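Residue numbers (my numbering): 15 to 384. The C-beta atom is built at its ideal place from N, Cα and C for all residues, glycine as well. Computed from a predicted model, the values in this text were never measured in an experiment. Before any comments, here is the structure.
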(Lines of atoms letter the chains of each structure in order from A and count residues from 1; the text may use other names and numbers.)
(Lines give C-alpha, C1' and ligand atoms only; values in the text may rest on other atoms or scores of the structure.)
Protein backbone atom coordinates (compact mmCIF):
# COMPACT_ATOMS: atom_id res chain seq x y z
CA UNK A 1 0.00 0.00 0.00
CA UNK A 2 1.23 3.48 -0.75
CA UNK A 3 2.10 5.90 1.98
CA UNK A 4 -0.75 8.21 2.84
CA UNK A 5 -0.28 11.70 1.44
CA UNK A 6 -1.49 14.53 3.62
CA UNK A 7 -4.51 16.23 2.12
CA UNK A 8 -3.39 19.69 1.08
CA UNK A 9 -5.87 20.09 -1.73
CA UNK A 10 -9.24 18.59 -1.05
CA UNK A 11 -12.43 18.69 -3.05
CA UNK A 12 -15.32 16.91 -1.42
CA UNK A 13 -18.39 16.49 -3.49
CA UNK A 14 -21.56 15.84 -1.55
CA UNK A 15 -24.22 14.97 -4.00
CA UNK A 16 -27.94 15.14 -4.23
CA UNK A 17 -29.99 12.38 -5.75
CA UNK A 18 -33.51 11.68 -6.61
CA UNK A 19 -35.86 9.20 -5.37
CA UNK A 20 -37.54 6.50 -7.59
CA UNK A 21 -41.03 7.95 -8.23
CA UNK A 22 -43.94 6.28 -9.96
CA UNK A 23 -46.78 8.15 -11.63
CA UNK A 24 -49.89 8.68 -9.51
CA UNK A 25 -52.09 5.60 -9.80
CA UNK A 26 -55.77 5.67 -10.60
CA UNK A 27 -56.50 4.06 -7.24
CA UNK A 28 -54.72 6.86 -5.43
CA UNK A 29 -56.62 9.52 -7.38
CA UNK A 30 -59.88 7.73 -6.62
CA UNK A 31 -59.19 7.86 -2.90
CA UNK A 32 -58.22 11.52 -3.16
CA UNK A 33 -61.55 12.19 -4.88
CA UNK A 34 -63.48 10.41 -2.15
CA UNK A 35 -61.59 12.39 0.46
CA UNK A 36 -62.36 15.70 -1.29
CA UNK A 37 -66.08 14.91 -1.49
CA UNK A 38 -66.23 13.90 2.16
CA UNK A 39 -64.36 17.04 3.17
CA UNK A 40 -66.77 19.31 1.30
CA UNK A 41 -69.77 17.46 2.71
CA UNK A 42 -68.35 17.80 6.22
CA UNK A 43 -67.67 21.52 5.77
CA UNK A 44 -71.16 22.13 4.41
CA UNK A 45 -72.69 20.14 7.28
CA UNK A 46 -70.78 22.19 9.80
CA UNK A 47 -71.83 25.43 8.10
CA UNK A 48 -75.51 24.44 8.05
CA UNK A 49 -75.47 23.32 11.67
CA UNK A 50 -73.70 26.46 12.88
CA UNK A 51 -76.28 28.53 11.00
CA UNK A 52 -78.98 26.88 13.11
CA UNK A 53 -80.81 25.19 10.25
CA UNK A 54 -83.15 22.32 10.98
CA UNK A 55 -81.81 18.77 10.64
CA UNK A 56 -84.11 17.75 7.71
CA UNK A 57 -82.91 20.78 5.74
CA UNK A 58 -79.27 19.90 6.50
CA UNK A 59 -79.71 16.26 5.49
CA UNK A 60 -81.49 17.21 2.27
CA UNK A 61 -78.79 19.67 1.24
CA UNK A 62 -76.10 17.11 2.06
CA UNK A 63 -77.83 14.57 -0.14
CA UNK A 64 -77.81 17.07 -3.00
CA UNK A 65 -74.11 17.79 -2.44
CA UNK A 66 -73.32 14.06 -2.29
CA UNK A 67 -74.80 13.72 -5.79
CA UNK A 68 -73.42 16.94 -7.23
CA UNK A 69 -69.80 16.68 -6.10
CA UNK A 70 -68.91 13.23 -7.53
CA UNK A 71 -70.46 14.22 -10.87
CA UNK A 72 -68.50 17.47 -10.95
CA UNK A 73 -65.23 15.79 -9.91
CA UNK A 74 -65.75 13.07 -12.52
CA UNK A 75 -66.38 15.63 -15.26
CA UNK A 76 -63.30 17.64 -14.30
CA UNK A 77 -61.11 14.54 -14.08
CA UNK A 78 -62.27 13.29 -17.47
CA UNK A 79 -61.63 16.69 -19.03
CA UNK A 80 -58.16 16.73 -17.50
CA UNK A 81 -57.36 13.26 -18.88
CA UNK A 82 -58.65 14.33 -22.30
CA UNK A 83 -56.49 17.46 -22.21
CA UNK A 84 -53.42 15.37 -21.32
CA UNK A 85 -54.04 12.95 -24.18
CA UNK A 86 -54.38 15.83 -26.64
CA UNK A 87 -51.35 17.65 -25.19
CA UNK A 88 -53.20 20.84 -24.31
CA UNK A 89 -51.23 23.53 -22.53
CA UNK A 90 -51.54 24.09 -18.79
CA UNK A 91 -53.42 27.39 -19.09
CA UNK A 92 -55.86 26.00 -21.65
CA UNK A 93 -56.47 22.95 -19.46
CA UNK A 94 -57.22 25.07 -16.39
CA UNK A 95 -59.47 27.48 -18.30
CA UNK A 96 -61.42 24.55 -19.73
CA UNK A 97 -61.80 23.06 -16.26
CA UNK A 98 -62.98 26.37 -14.82
CA UNK A 99 -65.55 26.73 -17.61
CA UNK A 100 -66.83 23.19 -17.11
CA UNK A 101 -67.08 23.68 -13.34
CA UNK A 102 -68.92 26.99 -13.74
CA UNK A 103 -71.38 25.71 -16.33
CA UNK A 104 -72.15 22.49 -14.46
CA UNK A 105 -72.41 24.39 -11.17
CA UNK A 106 -74.87 26.85 -12.70
CA UNK A 107 -77.00 24.14 -14.32
CA UNK A 108 -77.08 22.11 -11.15
CA UNK A 109 -78.07 25.17 -9.08
CA UNK A 110 -80.97 25.90 -11.44
CA UNK A 111 -82.07 22.27 -11.19
CA UNK A 112 -81.94 22.45 -7.40
CA UNK A 113 -83.95 25.69 -7.51
CA UNK A 114 -86.64 23.96 -9.52
CA UNK A 115 -86.61 21.08 -7.03
CA UNK A 116 -87.32 23.70 -4.39
CA UNK A 117 -90.94 23.69 -5.52
CA UNK A 118 -91.10 20.08 -4.35
CA UNK A 119 -88.63 20.36 -1.45
CA UNK A 120 -88.94 23.87 0.04
CA UNK A 121 -85.85 23.32 2.18
CA UNK A 122 -83.75 23.54 -1.00
CA UNK A 123 -85.08 26.93 -2.03
CA UNK A 124 -82.82 29.96 -1.68
CA UNK A 125 -83.98 33.00 0.26
CA UNK A 126 -85.40 35.87 -1.70
CA UNK A 127 -82.90 38.47 -2.82
CA UNK A 128 -82.65 41.67 -4.85
CA UNK A 129 -81.89 39.87 -8.11
CA UNK A 130 -84.50 38.45 -10.45
CA UNK A 131 -85.51 36.21 -11.96
CA UNK A 132 -84.64 33.68 -9.23
CA UNK A 133 -83.28 31.13 -11.75
CA UNK A 134 -80.63 33.64 -12.89
CA UNK A 135 -79.66 34.26 -9.29
CA UNK A 136 -79.41 30.50 -8.71
CA UNK A 137 -77.29 30.07 -11.84
CA UNK A 138 -74.92 32.84 -10.74
CA UNK A 139 -74.59 31.29 -7.30
CA UNK A 140 -74.02 27.87 -8.88
CA UNK A 141 -71.34 29.28 -11.17
CA UNK A 142 -69.45 30.76 -8.21
CA UNK A 143 -69.86 27.57 -6.20
CA UNK A 144 -68.55 25.64 -9.21
CA UNK A 145 -65.44 27.82 -9.27
CA UNK A 146 -64.90 27.15 -5.58
CA UNK A 147 -65.17 23.42 -6.18
CA UNK A 148 -62.86 23.73 -9.17
CA UNK A 149 -60.23 25.34 -6.97
CA UNK A 150 -60.46 22.49 -4.48
CA UNK A 151 -60.27 19.94 -7.30
CA UNK A 152 -57.23 21.67 -8.80
CA UNK A 153 -55.41 21.64 -5.47
CA UNK A 154 -56.32 18.02 -4.79
CA UNK A 155 -55.71 16.58 -8.27
CA UNK A 156 -53.86 18.85 -10.67
CA UNK A 157 -51.20 20.32 -8.39
CA UNK A 158 -49.99 16.97 -6.97
CA UNK A 159 -50.07 15.45 -10.45
CA UNK A 160 -48.11 18.36 -11.93
CA UNK A 161 -45.49 18.20 -9.17
CA UNK A 162 -45.12 14.45 -9.47
CA UNK A 163 -45.04 14.60 -13.25
CA UNK A 164 -42.26 17.19 -13.10
CA UNK A 165 -40.29 14.99 -10.71
CA UNK A 166 -40.76 11.94 -12.93
CA UNK A 167 -39.58 13.92 -15.95
CA UNK A 168 -36.55 15.16 -14.02
CA UNK A 169 -35.74 11.61 -12.91
CA UNK A 170 -36.03 10.34 -16.47
CA UNK A 171 -33.73 13.12 -17.66
CA UNK A 172 -31.22 12.13 -14.97
CA UNK A 173 -31.41 8.50 -16.04
CA UNK A 174 -30.80 9.48 -19.65
CA UNK A 175 -27.86 11.61 -18.53
CA UNK A 176 -26.43 8.67 -16.61
CA UNK A 177 -26.84 6.38 -19.61
CA UNK A 178 -25.21 8.98 -21.86
CA UNK A 179 -22.30 9.29 -19.43
CA UNK A 180 -21.80 5.53 -19.45
CA UNK A 181 -21.98 5.40 -23.25
CA UNK A 182 -19.50 8.25 -23.52
CA UNK A 183 -17.22 6.52 -21.05
CA UNK A 184 -17.29 3.39 -23.19
CA UNK A 185 -16.58 5.38 -26.34
CA UNK A 186 -13.77 7.19 -24.52
CA UNK A 187 -12.27 3.89 -23.32
CA UNK A 188 -12.42 1.72 -26.39
CA UNK A 189 -10.74 3.38 -29.43
CA UNK A 190 -7.39 4.61 -28.12
CA UNK A 191 -7.12 1.93 -25.47
CA UNK A 192 -7.86 -0.82 -28.00
CA UNK A 193 -5.34 0.50 -30.53
CA UNK A 194 -2.53 0.91 -28.00
CA UNK A 195 -3.21 -2.46 -26.42
CA UNK A 196 -3.20 -4.25 -29.76
CA UNK A 197 0.12 -2.59 -30.56
CA UNK A 198 1.52 -3.81 -27.24
CA UNK A 199 0.24 -7.34 -27.90
CA UNK A 200 1.69 -7.30 -31.41
CA UNK A 201 5.12 -6.71 -29.91
CA UNK A 202 4.74 -9.86 -27.80
CA UNK A 203 3.48 -12.22 -30.49
CA UNK A 204 6.94 -13.37 -31.63
CA UNK A 205 8.92 -13.37 -28.39
CA UNK A 206 6.20 -14.14 -25.82
CA UNK A 207 3.24 -15.78 -27.59
CA UNK A 208 1.77 -17.15 -24.36
CA UNK A 209 1.68 -13.68 -22.81
CA UNK A 210 0.19 -12.30 -26.03
CA UNK A 211 -2.60 -14.89 -25.90
CA UNK A 212 -3.27 -14.09 -22.23
CA UNK A 213 -3.56 -10.38 -22.95
CA UNK A 214 -5.81 -10.98 -25.95
CA UNK A 215 -8.13 -13.05 -23.76
CA UNK A 216 -8.09 -10.34 -21.09
CA UNK A 217 -8.80 -7.66 -23.69
CA UNK A 218 -11.73 -9.66 -25.07
CA UNK A 219 -13.23 -10.09 -21.60
CA UNK A 220 -12.65 -6.43 -20.86
CA UNK A 221 -14.42 -5.14 -23.94
CA UNK A 222 -17.24 -7.66 -23.63
CA UNK A 223 -17.99 -6.58 -20.06
CA UNK A 224 -17.63 -2.87 -20.89
CA UNK A 225 -20.04 -2.99 -23.82
CA UNK A 226 -22.64 -5.43 -22.57
CA UNK A 227 -26.14 -4.18 -21.89
CA UNK A 228 -27.70 -5.00 -18.56
CA UNK A 229 -28.02 -3.70 -15.06
CA UNK A 230 -26.49 -0.33 -14.29
CA UNK A 231 -25.36 -1.80 -10.96
CA UNK A 232 -22.93 -4.65 -10.39
CA UNK A 233 -21.23 -6.24 -7.33
CA UNK A 234 -17.87 -4.95 -6.16
CA UNK A 235 -16.29 -8.32 -6.98
CA UNK A 236 -17.26 -7.88 -10.65
CA UNK A 237 -16.02 -4.29 -10.72
CA UNK A 238 -12.68 -5.32 -9.19
CA UNK A 239 -12.34 -8.29 -11.56
CA UNK A 240 -12.85 -5.93 -14.49
CA UNK A 241 -10.26 -3.50 -13.08
CA UNK A 242 -7.74 -6.33 -12.58
CA UNK A 243 -7.98 -7.25 -16.27
CA UNK A 244 -7.69 -3.59 -17.15
CA UNK A 245 -4.62 -3.26 -14.89
CA UNK A 246 -2.98 -6.39 -16.34
CA UNK A 247 -3.19 -4.92 -19.83
CA UNK A 248 -1.83 -1.57 -18.65
CA UNK A 249 1.09 -3.21 -16.85
CA UNK A 250 2.00 -5.18 -19.98
CA UNK A 251 1.49 -2.17 -22.23
CA UNK A 252 3.81 0.10 -20.25
CA UNK A 253 6.50 -2.53 -19.75
CA UNK A 254 6.82 -2.43 -15.97
CA UNK A 255 6.65 1.36 -15.63
CA UNK A 256 3.63 0.95 -13.35
CA UNK A 257 2.59 -1.60 -10.73
CA UNK A 258 -0.88 -2.13 -9.30
CA UNK A 259 -1.55 -3.09 -5.68
CA UNK A 260 -4.85 -4.47 -4.43
CA UNK A 261 -6.42 -4.60 -0.99
CA UNK A 262 -10.08 -5.61 -1.17
CA UNK A 263 -12.13 -6.51 1.90
CA UNK A 264 -13.92 -9.83 1.12
CA UNK A 265 -16.98 -8.57 3.00
CA UNK A 266 -17.47 -5.93 0.30
CA UNK A 267 -17.75 -8.41 -2.56
CA UNK A 268 -21.55 -8.29 -2.83
CA UNK A 269 -22.04 -4.57 -2.34
CA UNK A 270 -23.51 -3.05 -5.50
CA UNK A 271 -21.81 -0.20 -7.36
CA UNK A 272 -22.61 1.59 -10.63
CA UNK A 273 -20.84 -0.21 -13.47
CA UNK A 274 -17.42 1.17 -14.48
CA UNK A 275 -17.66 3.78 -11.72
CA UNK A 276 -14.02 3.38 -10.67
CA UNK A 277 -12.48 3.07 -14.15
CA UNK A 278 -12.07 6.84 -14.75
CA UNK A 279 -10.40 7.20 -11.34
CA UNK A 280 -7.95 4.37 -12.11
CA UNK A 281 -7.28 5.82 -15.57
CA UNK A 282 -6.54 9.24 -14.05
CA UNK A 283 -4.25 7.68 -11.43
CA UNK A 284 -2.30 5.92 -14.19
CA UNK A 285 -2.20 8.66 -16.80
CA UNK A 286 -1.72 11.74 -14.62
CA UNK A 287 -0.11 10.11 -11.58
CA UNK A 288 1.95 6.93 -11.84
CA UNK A 289 3.13 7.41 -15.44
CA UNK A 290 4.12 11.02 -14.73
CA UNK A 291 6.97 9.69 -12.56
CA UNK A 292 8.68 8.13 -15.56
CA UNK A 293 9.44 4.92 -13.64
CA UNK A 294 8.47 3.27 -10.38
CA UNK A 295 4.84 4.33 -10.71
CA UNK A 296 2.34 2.68 -8.39
CA UNK A 297 -1.44 2.66 -8.26
CA UNK A 298 -3.21 1.14 -5.25
CA UNK A 299 -6.87 0.22 -4.91
CA UNK A 300 -8.28 -0.19 -1.41
CA UNK A 301 -11.88 -1.32 -0.88
CA UNK A 302 -13.13 -1.55 2.69
CA UNK A 303 -16.28 -1.27 4.76
CA UNK A 304 -17.07 1.25 7.46
CA UNK A 305 -19.50 -0.82 9.51
CA UNK A 306 -20.34 2.02 11.89
CA UNK A 307 -21.42 4.31 9.04
CA UNK A 308 -22.66 1.44 6.85
CA UNK A 309 -20.57 2.82 4.00
CA UNK A 310 -18.33 1.25 1.37
CA UNK A 311 -15.11 3.16 0.68
CA UNK A 312 -13.16 2.72 -2.53
CA UNK A 313 -9.78 4.46 -2.46
CA UNK A 314 -7.53 4.87 -5.51
CA UNK A 315 -4.04 6.23 -4.78
CA UNK A 316 -1.03 6.96 -6.94
CA UNK A 317 2.52 8.11 -6.19
CA UNK A 318 2.65 10.71 -8.93
CA UNK A 319 3.45 14.44 -8.69
CA UNK A 320 -0.06 15.43 -7.62
CA UNK A 321 -2.65 17.66 -9.24
CA UNK A 322 -1.12 20.86 -10.65
CA UNK A 323 -2.71 24.27 -10.20
CA UNK A 324 -3.69 24.46 -13.85
CA UNK A 325 -6.80 24.48 -16.04
CA UNK A 326 -8.84 21.29 -16.13
CA UNK A 327 -6.95 18.49 -17.81
CA UNK A 328 -8.24 15.85 -20.19
CA UNK A 329 -9.29 13.56 -17.33
CA UNK A 330 -11.84 16.11 -16.10
CA UNK A 331 -14.64 14.37 -18.01
CA UNK A 332 -14.02 11.15 -16.10
CA UNK A 333 -14.17 12.89 -12.72
CA UNK A 334 -17.29 14.82 -13.72
CA UNK A 335 -18.91 11.58 -14.90
CA UNK A 336 -18.16 9.90 -11.56
CA UNK A 337 -19.61 12.83 -9.59
CA UNK A 338 -22.71 12.99 -11.78
CA UNK A 339 -23.36 9.24 -11.62
CA UNK A 340 -23.01 9.29 -7.86
CA UNK A 341 -25.42 12.22 -7.61
CA UNK A 342 -28.03 10.39 -9.68
CA UNK A 343 -27.82 7.22 -7.64
CA UNK A 344 -27.73 8.23 -3.98
CA UNK A 345 -27.73 11.59 -2.22
CA UNK A 346 -25.51 10.15 0.53
CA UNK A 347 -22.70 9.21 -1.88
CA UNK A 348 -19.62 11.36 -2.31
CA UNK A 349 -16.31 11.67 -4.17
CA UNK A 350 -13.36 13.23 -2.34
CA UNK A 351 -10.04 14.02 -4.02
CA UNK A 352 -6.92 15.03 -2.12
CA UNK A 353 -3.47 15.70 -3.57
CA UNK A 354 0.08 16.64 -2.59
CA UNK A 355 3.41 16.53 -4.38
CA UNK A 356 3.72 12.89 -3.28
CA UNK A 357 0.55 11.61 -4.86
CA UNK A 358 -3.20 11.87 -5.32
CA UNK A 359 -5.97 10.02 -3.57
CA UNK A 360 -9.58 9.65 -4.72
CA UNK A 361 -12.14 8.23 -2.29
CA UNK A 362 -15.63 7.14 -3.25
CA UNK A 363 -17.96 6.78 -0.26
CA UNK A 364 -20.96 4.66 -1.19
CA UNK A 365 -23.90 3.60 1.06
CA UNK A 366 -23.91 -0.17 1.16
CA UNK A 367 -26.49 -2.11 -0.81
CA UNK A 368 -25.84 -5.82 -0.52
CA UNK A 369 -26.96 -7.94 -3.43
CA UNK A 370 -28.43 -11.40 -3.26
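Residue 331 - containing beta strand (DSSP E), residue span
Walking along the chain shown from the start, residue 331 turns up at place 317. Here residue 331 belongs to no beta strand (DSSP E), and DSSP marks it neither H nor E.
For residue 360 and residue 378, what's the separation of their Cα atoms in angstroms?
For the purposes of this step, residue 360 is taken as residue 346 along the chain shown, with counting starting at 1. For the purposes of this step, residue 378 is taken as residue 364 along the chain shown, with counting starting at 1. Distance between the alpha carbons of residue 360 and residue 378: 7 Å.
Contact set for residue 113: own chain, Cβ-Cβ below 7 Å, skip 5 residues either direction:
Here residue 113 refers to the residue found at position 99 when the chain shown is read from its first residue. Here the set comprises nothing.
Simplified DSSP state of residue 249, which is helix, strand or coil:
Taking the first residue of the chain shown as 1, we reach residue 249 at position 235. Looking at residue 249 - three-state DSSP - the assignment turns out to be helix.
Is the Cβ-Cβ distance between residue 166 and residue 108 less than 8 Å?
Within the chain shown, residue 166 is the residue found at index 152, counting from 1. Within the chain shown, residue 108 is the residue found at index 94, counting from 1. Cβ distance < 8 Å, so residue 166 and residue 108 count as in contact.
Just list the beta strand (DSSP E) runs in the region 258-284, keeping only unbroken ones of 3 residues or longer that don't cross its boundaries, in chain order.
270-276
How close, in whole Å, do the beta carbons of residue 159 and residue 116 come, if the pair is a contact with beta carbons under 8 Å?
As a working mapping, residue 159 is identified with position 145 in the chain shown. As a working mapping, residue 116 is identified with position 102 in the chain shown. Yes, residue 159 and residue 116 are in contact; Cβ-Cβ is about 6 Å, under 8 Å.
Mapping DSSP to helix, strand and coil, what is residue 8?
Outside the displayed range of the chain (15 to 384) lies residue 8, so it cannot be described from this structure.
Would a C-beta distance cut-off of 8 Å place residue 332 and residue 292 closer than the cut-off?
Within the chain shown, the letter at position 318 stands for residue 332. Within the chain shown, the letter at position 278 stands for residue 292. Against a cut-off of 8 Å, the Cβ pair of residue 292 and residue 332 comes out as no contact.
Using only alpha-carbon positions, find the residue among 319, 322, 297 and 152 that is nearest to residue 310.
The residue given as residue 310 occupies position 296 in the chain shown. Measuring from the Cα of residue 310, the nearest candidate turns out to be 297.
Residue 263 to residue 273, Cα distance in whole Å?
For the purposes of this step, residue 263 is taken as residue 249 along the chain shown, with counting starting at 1. For the purposes of this step, residue 273 is taken as residue 259 along the chain shown, with counting starting at 1. Residue 263 and residue 273: Cα-Cα distance of roughly 11 Å.
Hey, out of 52, 320, 357 and 106, whose CA is closest to residue 77's CA?
Indexing the chain shown from 1 puts residue 77 at position 63. Here the closest residue by C-alpha is 52.
Below 7 Å CB to CB, which residues in the same chain sit around residue 152 once its five sequence neighbours on both sides are set aside?
Along the chain shown, one-based indexing puts residue 152 at 138. Around residue 152: no qualifying Cβ.
Rank 261, 288, 237 and 255 by C-alpha distance to the C-alpha of residue 227 and give the top, closest one.
Taking the chain shown and counting its residues from 1, one reaches residue 227 at position 213. The candidate whose alpha carbon is nearest that of residue 227 is 261.
At the level of alpha carbons, what is the spacing between residue 49 and residue 162?
Taking the first residue of the chain shown as 1, we reach residue 49 at position 35. Taking the first residue of the chain shown as 1, we reach residue 162 at position 148. Distance between the alpha carbons of residue 49 and residue 162: 15 Å.
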